[in-house]
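Below is one structure, written out as C-alpha cells, with a few remarks after it.
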Amino acid sequence: MSEVEQVTTPETAPPPQPWEPRIIAFLCYWCSYTGADNAGTARLKYPANVDIIRVMCSGRIDPDLIMSAFARGADGVMVCGCHIGDCHYIAGNHKTMARMPMVARVLQDFGIEPERFVHEWVSAAEGEKFARLVRQVTEQVRQVGPLDWPGRMRQRGVGHGQDLHPWGGAA
Ligand code: FES
Numbered sequence: 008m009s010e011v012e013q014v015t016t017p018e019t020a021p022p023p024q025p026w027e028p029r030i031i032a033f034l035c036y037w038c039s040y041t042g043a044d045n046a047g048t049a050r051l052k053y054p055a056n057v058d059i060i061r062v063m064c065s066g067r068i069d070p071d072l073i074m075s076a077f078a079r080g081a082d083g084v085m086v087c088g089c090h091i092g093d094c095h096y097i098a099g100n101h102k103t104m105a106r107m108p109m110v111a112r113v114l115q116d117f118g119i120e121p122e123r124f125v126h127e128w129v130s131a132a133e134g135e136k137f138a139r140l141v142r143q144v145t146e147q148v149r150q151v152g153p154l155d156w157p158g159r160m161r162q163r164g165v166g167h168g169q170d171l172h173p174w175g176g177a178a
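Residue numbers (the working numbering): 8 to 178.
See the structure below:
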C-alpha cells in the first residue's frame with residue numbers, strides 16, 4: 008500500500024483566516040440555557056462565535072471564572088441568568104446582580120474595554136433576546152478587536168503577561 012504524503016509549502020498552505028472574536032457565554036441551566044436552546048429550536052440565526060458554558064445558576068458564576076475565560080483566550084464574556092424573582096435557587100441571581108458590576112469595575116481597572124463584558128437576564132422563553140444579544144456582543148467585540156490578554160498584562164507590568172490569575176486567584 009502506498010501512502011501519499013501531503014507536503015505543505017508556502018504556495019499550497021491555506022490562506023490565513025481572518026480574526027474572529029471568541030465569546031464565552033456562561034448561562035444558567037434553568038432559564039438562559041433553555042433560552043439559547045429555544046433560539047436554536049426556532050432556528051434563529053446568531054453568530055457561531057459563542058461557546059456556551061452551562062452552570063446550574065448564575066449565582067455559581069464566580070468572578071474568577073470570568074477572569075479565567077479572558078486570561079485563557081476569550082475576547083468577550085457574556086453572563087446570563089434568570090430574571091430577578093425567577094431564580095430556581097431563590098436568590099442566586101441576587102448574588103449575580105451584586106457581583107457583576109464589581110467584575111465590570113475590575114475589568115475596567117485591568118484596561119479591558121466594557122464592550123467585552125455583558126451581563127443580561129434571559130428567560131427560557133427569550134430565545135429571540137438571546138440571539139440578539141449574541142449578535143450584539145459579537146459585533147461590539149469585533150469593533151474593539153482581539154483582546155491579547157498577555158500583551159495587556161505586560162503593558163500594565165503584571166506578571167510578565169504570563170500569569171493567568173494576576174488578580175490573585177488560584178492557579
Ligand atoms: S437558576 Fe437561573 S439564575 Fe439561578
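Every residue gets a Cβ at the ideal spot worked out from N, C-alpha and C, and that includes glycine.
What you are looking at is a predicted structure, and each value in this text was computed from that prediction instead of being measured.
Can you look up L34 in the DSSP assignment and give me helix, strand or coil? strand
Short of 6 Å in beta carbon distance, which residues of its chain neighbour A177, apart from the five on each side in sequence? Order them along the chain. Below a pLDDT of 50, predicted positions are generally treated as unreliable, and A177, at 49, falls in that range; no measurement from the model is reported.
Around ligand 1, Cβ to any heavy atom closer than 6 Å, ordered along the chain: C35, W37, C38, C64, S65, G66, G88, C89, C94, H95, Y96, G99, N100
Rounding to the nearest angstrom, what Cα-Cα distance links P70 and M109 in this structure? 9 Å
Could you check how far apart the C-beta atoms of G66 and P28 are, in whole angstroms? I think they sit under 8 Å. The Cβ separation is near 27 Å, so there is no contact.
Keeping to the same chain, check which residues put their C-beta closer than 8 Å to that of Q150; ignore five residues upstream and five downstream. Contacts found: E122.
Enumerate, from N- to C-terminal direction, the unbroken alpha helix (DSSP H) stretches of 4 or more residues contained entirely within the segment 19-84. 39-48, 70-78
Which one or two residues does DSSP pair with V86 in a beta bridge? Note: V86 sits in a beta bridge opposite F33, H126.
Cα-Cα separation, G88 to E127: It is roughly 7 Å from the alpha-carbon of G88 to the alpha-carbon of E127.
Under 8 Å by Cβ, that's how I've got G118 and R163 pegged, so tell me the actual separation to the nearest angstrom. 6 Å
First through last residue of the alpha helix (DSSP H) which encompasses F137: 134-151
Starting from the Cα of F4, find the closest Cα among R159, C64, D116 and give me that residue. Since the first residue shown for the chain is 8 and the last is 178, residue 4 is missing from the structure and cannot be characterised.
Measuring straight from C-alpha to C-alpha, what distance separates T145 and R139? 10 Å
Do A49 and G152 count as a contact pair if the criterion is CB distance below 8 Å? no
Report the option in V86, T103, N45, N100 whose CA atom is closest to the CA atom of I30. V86
Report the rounded CA-to-CA distance for A132 versus A46, giving the unit in angstroms. 9 Å
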